[in-house]
Amino acid sequence: MARTPTPALTAKDEREKSRRIGALAALTPFLSPYRWLMAAAGGALVLTAMISLTLPLAVRRVIDNFGTSETELLDQYFVAALLIAGLLAVGTGLRYALVTRLGERVVADIRRAVFDRVVGMSPSFYERIMTGEVLSRITTDTTLILSVIGSSVSIALRNFLIFIGG
């Protein structure tokens, strides 16, 4: 006699399944049209990580030369530190804009594909599952995908690059 899985086991299996990073591979068809946007966001990410690593060095130069009598050298270090901070601000803004745009476009494509699929479902599907449940799942899943693509991956990669470089 076959045993049926308990609901607690099923929920636990679902949680473990959702933690797998390989599940994000299903996003590849939706990401591939935006290769150039991903490359630009990656470039901005590497640039801001490099600038983040140089800013403490510039500030150190300002602090180390603060008590010297050579004011011209201190002024140059201070201007360099300000320029680096400005570049970091511009690079971070560019990275944020590119990653946000990428996330919004990918989620829009996913919503379009899901809508086309849901509209084509048979009426028996809607007799078994309530429409509100379908809408709730779509909204929740696309919001989660937007969060992952739009910020989480970018922040994780930036922190990884800074960890490697620092």
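Note that the working numbering has the sequence shown beginning at 4, numbered continuously upward. Quick reminder that beta carbons are idealized off the backbone N, C-alpha and C, glycines included.
| Check | Outcome |
| --- | --- |
| Cβ pair Arg161, Ala28 closer than 7 angstroms | no |
| Leu105 beta carbon less than 7 angstroms from that of Ala44 | yes |
| Beta-carbon proximity check, Asn68 vs Leu77, cutoff 7 angstroms | yes |
| Segment contact, 8 angstroms Cβ cut-off, at least three pairs: the segment 106–121 with the segment 148–158 | yes |
| Ile148 - DSSP class collapsed to helix/strand/coil | helix |
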